[in-house]
Amino acid sequence: MARHPQPKVSTFDPAILRAAIRDSFTKLDPRVLYKNPVMFVVAIGAVLTTGFVIRDLVAAPANATPLWFSIAITLWLWFTVIFANFAEAVAEGRGKAQADTLRKMRQETVARRVVPGKDLPEVIPASELRKGDLVVIEANQLIPGDGEIVEGIASVDESAITGESAPVIRESGGDRSSVTGGTKVLSDRIVVKIGADPGESFLDKMIALVEGAARQKTPNEIALHILLVGLTIVFLIATVTLVPLGIYSGVHLTTSMIVALLVCLIPTTIGGLLSAIGIAGMDRLMRKNVIAMSGRAVEAAGDVDVLLLDKTGTITHGNRMASELIPAAGVRIEDLAEAAMLSSLADETPEGRSIVTLVKDKYGIPPREVAGATFEKFTAQTRMSGVDLGDRKIRKGAVDAVRGFVTSLGGTPPADVDAAANKIGDTGGTPLAVSDGNRVLGVIHLKDIVKQGIAERFARFRAMGIRTVMITGDNPRTAKAIAGEAGVDDFLAEATPEAKMNLIKAEQQKGKLVAMTGDGTNDAPALAQADVGVAMNTGTQAAKEAGNMVDLDSDPTKLLEVVEVGKQLLMTRGSLTTFSIANDVAKYFAILPAMFMGVFPQIAPLNIMNLTSSLSAILAAVIFNAIIIIILIPLALRGVKYRPLGAAAILRRSLLIYGAGGLVAPFVGIKLIDMALTAIGAT
Amino acid sequence: MTFNGWVQILVFFAVIVAIAKPAGVYMFRVFEGERQPLPRTLGAAERGLLRLCGLRTPKEQTWVEYTVAMLLFSALGLVVTYLIQRGQGTLPFNPQHFPGVPGPLAFNTAASFTTNTNWQAYVPETTMSYFTQMAGLAWHNFTSAAVGIGVALVIARGVTRRPGPDGSKGVGNFYVDLIRGLVYVLLPICIVVAFVLISQGVIQNLSGYHQLTTLEGGKQVLAMGPVASQEAIKELGTNGGGFFNANSSHPFENPSAVTNFLEMILIFAIPAGLTYMYGRMARDQRQGWVLFGAMSVLFFAGVATTYWAESHANPVTDGLGVAIAQGNMEGKEIRFGIANSALFATVTTDASCGAVNSWHDSFTPLGGMVPLVNIQLGEIVFGGVGAGLYGILIYAVLTVFIAGLMVGRTPEYLGKKIEGREMKYAMFYILVFPLLILGFTGWAAVSSYGTSSLNNAGPHGLTEMLYAFTSGAGNNGSAFAGINANTDWWNVCLGITMLAGRFFMIIPVMALAGAMLNKKTVVPGLGTFPTNGWLFTALLVAVIVIVGALTFFPALSLGPIVEHFQTLHHEVL
């Protein structure tokens, strides 16, 4: 399947930037700003210094700092708040750009609602549909809302949502009955039962989430906010009490200096970028065509300990391929090959075609047309398919079915066929017996082909401490063989929905977080129970509602990427928090000597950066504090680079970069800004 | 600094390392074991005391029940001690016929001893009767230490216990922990140590003071009293309240280098052992050693700085011909010298002891800043009895939270998630210190009732005020001296500081323990943030320094740091 990812929105798309700059100012509204306490404190400080600038303009007291300095500090304090708003606005802007595309297709949709007792449906705007309404959709019409097909079968173009151009089949009953509003029926006619009231449809939820409107703080964000607020109060106490201590020591500290010190010490960097990091995490998932129903789910993805992976589609390609022919005793391999080929000529399943291919490639017998052949289709009752050439009945199918068929024709199945079949079963394959008349010729070895590269991927997860469990309906022997080949840590064979559910509960009992994918209605309870449940978009409405994420590409492998995005989100948060706190050391050495040097010139050695003057030192620290937010926006949006390593190795790396880096960077940055300020004479 | 000095410091540390395990194993058996040691003697005493309290079959308490019991017990002790002081004139064992202690001072002293601070705004040998010292103050020396161990046990249980299948388990029983702490740990050791101290020349009597005529013909009053029995618990319980005003520099309290060494060992013995006990409780001994390691790093940083600073004579005396070759001997006893004075000052402020064998006020600015910073870090360098362990566990939780995210998981400590609730309690804990210390110091600095008590102006005076409130909030009790703290304003403000610094920090610790207790425990794996390696030790030290010390850096810059640079310029003595 060719995947067409959604058009990538560039981080610094001019249109987004323009909107973000506008939003940076509208977000100064205190009713919005108070949600970010750290920035709220900065804003209060900025208001205070603005007030003192106005006072100084009118009548400056004798001991006021120079006017240019107060104005510069005030401006940079406002910039600090605006830069933080900008970070959030850019992150939201990227989501909005995607939401706008989605919103466009929701408009102008009309619905044809079935009116009981009338032949013709009435035409109403889609926005008037209510849950439970039945609507009719014909070829080339847009589906007006989310729901389930109750009648008919149709091919549907879901590219608007998934980016996937190939149409998909949707039909009533079974696991492929769900349709999404905004997608287009290409052929046939279906009747859909609407599953959501207006404003609550899948599309509406998606728009709200990517726009950030429905964004709630996640548990970890709340905890981090408490830390940041706590540190802010600590530094508030430390700076405000410096005023009386200064009075005692004969040091006059102006409001702009105190506010400057406070703003530099409180964790503005992480405080300014925190919500941008969260929005960007959702956005990164969105780019992978996964819609998370909450930020909490993304966070949980980072914590996942156990991945439950469906074998079919995730670990193996999902169709078995013929890999070998094993003749019964006394049968020539060519005879077996020809019979296998003839029986599969009309078999359009991937298995059937793989038999024809194997016979051609390995035994040099090309497929040929046979006159007067009657083909026998596979049915669930016979569990065989084949061909009748006059009286000659060639069959292939499940070993016991073929054995029964041969016995019914008076033949005796040879024992070595059973032995060969068991051996195939042991290695994880599926044996198909081939018979010609009342003779069993041998078995075909059908093999589940494990996807390339999947074993390496599981090894990466193992390195991170995540356990992978393969879920399969196969018998334990088969399951074990495939599990060994794919490199999963464990498997659940002969899985029923109940067994799956019990496995999840057992893991959760041990304190593990479990992630899984599913699509069927019978998966819904397990999806709801799992900490991260990724529903396939092709799946039923029930499955989608039970999970906390939907994969629009319906690719079960995506679960692995979801986990990586979750981890990346948490790592970004932690790294920038560490960076922000480590920054304080350098800021102290910039500002404190500057504040006290006037009265105590002896402490000059503490000015280890050798900054030009008190004013340039304080201003440089404030400027650094503001522009570091802008500099780190790309990192916050992109996320820190993720590596599949154990926790200890990741920690060592991150500490070196963000811990040690956070200590050193401001020394360099503040010195450079001070040199620039000195060059323009602002000392 | 001399080789001999360093050898003494290293020998001291080696003994602490050696003590940690046996002390930890013993306390684990006492508090968490199925069977307590010595069932016939100590066990009988425990059962007897429990029966006396009407507790035949003590039940596990929730964190709220435990906290309420602990607060009521402390409040009762506070009131009784206040009343004993007020009425000591009519009470027995008062050979010097001291009158009742004035109200504000009695409140300050009662608060001081209830909170394990032992700040002394009074001169003991001219204020307190033997009865007050024994029944009022020594009672608290024992019980406040036992309460501290109880709080440490609760947070350790909260973090390490795994919820059973039936859900919640309690955090222990306050009365059982209290009585076990007294009966199995504090009393037996103190009885033995008291006899050792007597053998070394520490006095133990109830006689009146002696009037002596000195060789020069002058008159002198020689104070007496039951000193040895109080000296032992003063150090072991990290209390620090001296029987005499001169504290451990007084020859009747601390006569020789041997008693000095023993007293320093006693200060660290229980706190060091508690880290080992914690490792046992965590079922991973390295968890305990990691805490011990972080404490050791900070201990050596402190002692090295003080020893180095005190080994240099005050630069102001350069060229005056009065400097002593060994360094700054002002305020130090000849029999202890610079190394043992620097070590004692570090040890007593690392732990929340507050006993002193030299005057911190007379240290060089940097040498005197180390004790100050030690207390401001939260006294988690081994720390007070119990208080050190629960303090560093709060920092461990903070460290896990700040750095733990970096490994791509929401933070967890010992398999338990650190979430909003836990962070709230941890931040409450962190806030108490700056609020009390900086708030009150700021007030004192700009008010006449604050500054009028100062003996020194300028940065040194600021340090004296900062030290007083730091010592009070940290429940240390050591005095920087140079300040007359026996005024109504200082007595009341320091009393409030001590009570808030004790109980407003204990309550969030208890709440945190309660929040952690019933959390699901995840078995640690490869993806878990490792809290039992050297990297965590380094991180923990970094977080303690950045969160703990940087808060006070502005205030310190105006005090000892400025003074240090001034002495370099020969501007102050």
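Residue numbers (the numbering used here), protein chains in the order written: chain A, 2 to 684; chain B, -4 to 568.
Every residue gets a Cβ at the ideal spot worked out from N, C-alpha and C, and that includes glycine.
Asked	Found
Would you verify that the beta carbon of B:R404 is, or is not, closer than 8 Å to some beta carbon of chain A?	yes
In terms of residues, what are the limits of the beta strand (DSSP E) holding A:S386?	385 to 390
Indicate whether the contact test is met: 3 or more Cβ pairs, each with one atom in the stretch 43 to 59 of chain B and one in the stretch 105 to 116 of chain B, closer than 8 Å.	no
Can you give the Cα-Cα distance for A:A21 and B:F423, rounded to whole angstroms?	37 Å
For the alpha helix (DSSP H) holding A:T380, just list the boundary residues, first then last.	Unbroken run through A:T380: none, as it is neither H nor E.
Buried or exposed: where does B:N450 fall if 16 or more other Cβ atoms within 10 Å of its Cβ makes it buried?	exposed
Quick check: the Cα distance between A:I316 and A:A484, rounded to an integer number of angstroms?	9 Å
Helix or strand or just coil, what does DSSP make of A:P8?	Reliability of the predicted coordinates at A:P8 is poor, the pLDDT of 46 falling under 50, and the value obtained from them is presented with this limitation in mind. DSSP places A:P8 in coil when its eight states are reduced to three.
Against chain D, does A:T408 count as a neighbour if the rule is that its beta carbon must be under 8 Å from one of theirs?	Among the protein chains in the structure shown, which are A and B, there is no chain D.
I'd like the span of the beta strand (DSSP E) that includes A:G398, first residue to last.	393 to 399
Can you name the residues of chain B whose CB is closer than 8 Å to the CB of A:Y477?	The sequence shown places Pro at residue 477 of chain A, not Tyr. Chain B residues near A:P477: none, gap ~26 Å exceeds 8 Å.
Determine the burial state of A:L514: buried for a count of at least 16 other Cβ atoms within 10 Å of its Cβ, exposed for fewer.	buried
Would you call the CB atoms of A:K378 and A:S345 closer than 8 Å?	no
Taking only beta-carbon atoms, is B:P525 less than 8 Å away from chain A?	yes
With a cut-off of 8 Å on the beta carbons, I'd call A:S615 and A:A637 a contact; round off their distance for me.	Incorrect: roughly 33 Å between the Cβ atoms, too far for contact.
With a threshold of 16 other CB atoms inside 10 Å of the CB of B:A463, please say whether the residue is buried or exposed.	buried
Here's the rule: buried if 16 or more other CB atoms are within 10 angstroms of the residue's CB, otherwise exposed. What is A:M2?	At A:M2 the pLDDT is 34, less than 50, meaning the model places this residue with poor confidence; the figure from the coordinates comes in the next sentence. Result: exposed.
Step through the CB atoms of chain A and report whether any lies within less than 8 Å of the CB of B:P454.	yes
Is there at least one Cβ from chain B nearer than 8 Å to A:P67's Cβ?	no
Among A:A516, A:V91, A:V43, whose alpha-carbon lies nearest the alpha-carbon of A:L560?	A:A516
Residues in the same chain with beta-carbon distance under 6 Å from B:A510, minus the five sequence neighbours each way, listed in chain order, please.	R416, E417
Please confirm if the stretch 589 to 606 of chain A is in contact with the stretch 629 to 647 of chain A, defined as three or more CB-CB distances below 8 Å between the two stretches.	no
Is A:K723 near A:A618, with beta carbons less than 8 Å apart?	Examination of residue 723 of chain A is not possible in this model, given that chain A is present from 2 through 684 alone.
Find the residues of chain B that neighbour A:P606, judging by a C-beta separation of less than 8 Å, and give them in chain order.	F560
Of the residues that make up the stretch 289 to 314 of chain A, which ones have a beta carbon closer than 8 Å to any beta carbon in chain B?	E300, G303, D304, D306
Keeping to the same chain, check which residues put their C-beta closer than 7 Å to that of A:F625; ignore five residues upstream and five downstream.	P667, G670, I671, I674
Between the beta-carbon of A:A543 and the beta-carbon of A:L664, is there less than 8 Å?	no
Which of the three DSSP states, helix, strand or coil, is assigned to A:P477?	helix
Please check if any C-beta of chain B sits within less than 8 Å of the C-beta of A:I582.	yes
Which residue from A:G183, A:K424, A:L228, A:V418 puts its Cα closest to that of A:G712?	Since the displayed chain A opens at 2 and closes at 684, residue 712 of chain A lies outside it and no answer follows.
Cβ closer than 8 Å: which chain A residues qualify as neighbours of B:V557?	S250, F597, F601, Q603, I604
Taking the alpha carbon of B:Y170 as the point to measure from, which residue in B:V146, B:I150, B:V154 has its own alpha carbon closest?	B:V146
At least one CB of chain A closer than 8 Å to the CB of B:A440: is that the case?	yes
Cutting at 6 Å between CB atoms, please list the residues of its own chain near A:S1, excluding the five before and the five after it.	Absent from the model: residue 1 of chain A. The displayed extent of chain A is 2 to 684, so no value can be given.
In angstroms with no decimal places, state the Cα-to-Cα distance between B:I620 and B:W484.	Shown here, chain B extends from -4 to 568; a query on residue 620 of chain B therefore has no answer.
For B:H565, go through chain A and note every residue whose CB falls closer than 8 Å to its CB, in chain order.	What B:H565 touches in chain A: nothing, since even the nearest Cβ is about 10 Å away.
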